[in-house]
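Accompanying notes for the structure given below.
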Amino acid sequence: MASKTDTPRDADDAEVGAAGSQLSTAPEEEAAGEVSLPSLGPIGWARWFWRQLTSMRVALILLFLLSLGAIPGSLVPQTSIDPTKVEQFRTDHPTLAPLYDKLGLFHVYSSVWFSAIYLLLFISLIGCIVPRSWQFVGQLRSRPPRAPRRLTRLPAYTTWRTDRAPDEVLGAAQRLLKKRRFRAHTVDDAVAAEKGYLREAGNLIFHVSLIVILVAVAVGSLWKSEGGKLVVEGDGFANSLTQYDNFKSGAFYDTDDLEPFGFSLKSFDASYERTGPQKGTPREFRANISYFQGADGKEHPGKIEVNHPLEIADSKIFLLSHGYAPVVEVTDGRGKQVYSGAVPFLPQDMQNYTSTGVVKVPNAQTAAGKRNQLGFSGFFVPTYGGKGSGSMFSTFPALDNPRLTLTAYHGDLGVDSGLPQSVYQLEKKNLKQYKQDGRAVAQMMKPGETMKLPGGDGSIKFVGVKQWATFQVSHQPGNGLALIGAIAILIGLAGSLFIQRRRVWVRAVRGADGVTVVEMAGLGRSESTRLPEELADLAGALEADAPVAEAATDSGPVTDEDASADSAPVPAPSPAADEKKPTPTGSENTAKSTGSTDSVGSTDSADDPADPSEGARA
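To get the working numbering, take the position in the sequence shown, counting from 1, and add 977.
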């Protein structure tokens, strides 16, 4: 009768647990009945708060809150992006606006609550990563733990008998495992090997990359600059604060650091679909420019297209939109030309470019030499449908049949009041509309035509049309860092998902009959079908150096009497004669196959089965 093992069950459990320890750098959680509250006092509460803040659970909660906090920043108009929309929102929602002000919803990303979440997440991630990194370094420097006494308790297990000596089997196993890129060494009567360290490295890279992205967002927000400029064909732009139509920057950006560069808009090429259901759809938008860098830089030809910005001096110049600028000449009552140039009109219909604009002439005079400021408001259509079309709107976005319709005013434009006013709107408070025969003076003109003003106050001529384009000059110092962080996140996530941390043990012990018993078992961080498959592959490869003994294949399975005759650990029965190749089994199958004789010669396996949860808990 087989003898009982004198190793207690608790000792086996502890040994299996030790074999599976440190397969992860995740912090261990205390059992529900073992939670110890911190001692009262400032130090105890500070320690408790730090442990909670640096837990991965709290880091995930903070990341979720940060995502929620960004939602109002996308839905509610932001002062830093469009102050005009914010003021319009205040006018349209007089009840909600004061509440939004108190909550900081008009400046979400600089609000106190958003900054608090951001900083707490930053601290939490650092507090999580630093100890795990040191623990991971310690694991890299340590060796795989020794084999458990009962390998049959591990999730993947196989055994066979061979005529080779134990030392030869162990040597062949160590060479095989090292060839398969396992870290392996021999301890007592077994080889211990481990593989898959890059899984934990992937976890750490993932969390470090989150910090990198947070830093990139902070750098991009504090040191950024962004401005817009409308440029008419033939005009240029220099990177100076006074040249921008609008400009905003981060809190730490110094406008004295603006790089010296500039460009001129030589021409603008635009083409549109002429026929079919997509008639009028833009096919080409290209700004042909010449640019320079440095105070005495040489000009170089270039082009800017949609989604193809010009990169110069750590800044990017984007093409945003385009439109038309009618060229007019204004003559006052003295017959003197007082204005000549292109006036940008803003599109009101982005499909066919029906546009509105104004012409302001503050230095005009009457025939008697009296001051008489002139103002003109009007419409411009690049393609007029013609008389009888029933519409003044454009029918196509290209310059096929341009028309300029102007209405004339005179009086005080308000430009001398010192108050800022839009160049695209006409302040009519102190202006009078020209009338003739009781009707407002207005005229539709083709290029080359002139509209005369009543009373000999002058005239305005529609000379031709130029195109304009709006550009955005953006300096975002954190973009490169954010890209690196995003790529690193994908790499780290792939490593943590597709790489499995696992350990393999190979034990070789000579039995009383002189035949060597080989046991091979594996343990992974998580349950996976790949572990038994890999163990089967390793066992098949090792069989070339440790073939199944002929006596084992001829004599049939080992009996209980054979197992009890030897005090050394004896594995589960050998495979049958027609199954010479060792085959790993799961914990459940192992328990069944060792029902009569376990790995230490015990016959109490029915009362003490192998538990699959051992490996998972380890």
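We treat Cβ as the ideally placed atom computed from N, Cα and C, and that holds for glycine.
By alpha-carbon positions, which one of E1306, T1427, G1432, G1362 ends up nearest to Q1413?
G1432
Just the C-alpha distance for Q1065 and P1339, rounded to the nearest angstrom, thanks.
30 Å
Just to confirm the assignment, what range does the alpha helix (DSSP H) spanning R1109 have?
1089 to 1118
Count the other CB atoms, across all protein chains shown, that sit within 10 Å of the CB of R1109; report buried if there are 16 or more and exposed otherwise.
buried
Residue range of the alpha helix (DSSP H) that includes N1382
Looking at the sequence itself, residue 1382 is Thr, so the reference to Asn does not match. Run containing T1382: none in the alpha helix (DSSP H); it sits in the beta strand (DSSP E), 1380 to 1388.
Cutoff 7 Å; reference A1518; Cβ partners in own chain excluding five residues on either side
L1153
Pull up the distance between the alpha-carbon of L1351 and that of K1405, whole angstroms please.
11 Å
I'd like the ranges of any alpha helix (DSSP H) spanning at least 4 consecutive residues and lying wholly in the segment 1200 to 1286.
none
Using only the alpha-carbon positions, how far apart do L1045 and F1229 sit?
27 Å
Return the CA-CA distance between W1027 and G1021, expressed in angstroms with no decimal places.
10 Å
Kindly indicate which residue of T1308, T1343, F1370, G1318 has the alpha-carbon position closest to the one of S1332.
F1370
Test item: CB-CB of F1322 and L1191 under 7 Å:
no
How is G1499 classed by DSSP in three states: helix, strand or coil?
strand
Rounded straight-line distance, which links the Cα of K1156 to that of E1496:
20 Å
By a C-beta neighbour count over all protein chains shown, 10 Å radius and 16 as the cutoff for buried, is L1080 buried or exposed?
exposed
Option nearest Y1174 by Cα separation, candidates R1480, D1522, A1124, V1209
R1480
Keeping to the same chain, check which residues put their C-beta closer than 7 Å to that of T1258; ignore five residues upstream and five downstream.
Y1249, E1250
Do three or more CB pairs link the segment 1480 to 1493 to the segment 1187 to 1203 at distances below 8 Å?
no
Candidates N1378, D1377, S1354, of which the one nearest H1387 by Cα
S1354
Looking only at its chain, what residues have a beta carbon closer than 6 Å to the beta carbon of A1247, apart from the 5 residues adjacent to it on each side?
F1262
A1526 versus T1139 - alpha carbon distance
4 Å
Can you tell me whether Q1402 is helix, strand or coil according to DSSP?
coil
Quick one: residues in its chain with C-beta nearer than 6 Å to the C-beta of Q1449, no 5 flanking neighbours on either side, listed in chain order?
G1205, F1295, L1297
Using 8 Å for Cβ pairs, my map puts D1291 next to E1236. What's the rounded Cβ distance?
7 Å
Return the CA-CA distance between D1434 and D1326, expressed in angstroms with no decimal places.
33 Å
Who pairs with E1426 in a beta bridge, going by DSSP?
Note: E1426 sits in no beta bridge, so no partner.
Among residues of its own chain, excluding the 5 on either side of L1403, which ones have a beta-carbon nearer than 6 Å to its beta-carbon?
V1335, G1352, S1354
Within the continuous alpha helix (DSSP H) that includes D1144, where are the two ends?
1143 to 1156
Could you compute how far the alpha carbon of S1505 sits from the alpha carbon of W1482?
17 Å
Near A1344, which residues of its chain fall below 7 Å by C-beta distance, leaving aside the five closest residues on each side in sequence?
G1310, R1311, G1433
Please report the residue range of the alpha helix (DSSP H) in which Y1077 lies.
1073 to 1080
Does the distance from the CB of V1266 to the CB of F1240 come in under 7 Å?
It should be pointed out that residue 1266 corresponds to Ile in this sequence rather than to Val. Yes, these two residues count as a Cβ contact at 7 Å.
State the CB to CB distance for the pair P1121 and A1178, rounded to an integer number of angstroms; the pair is presumed to be in contact (CB under 8 Å).
So it is not a contact: roughly 17 Å between Cβ atoms.
Buried versus exposed call for K1172 [16 or more other C-beta atoms within 10 Å across all chains shown]:
buried
Can you list, in chain order, the residues of its chain whose CB lies under 8 Å from that of Q1477, leaving out five sequence neighbours each side?
G1173, R1176, G1501, R1502, S1503, S1505, R1507, L1508
Mind checking whether I1106 and H1184 have CB atoms under 7 Å apart?
yes
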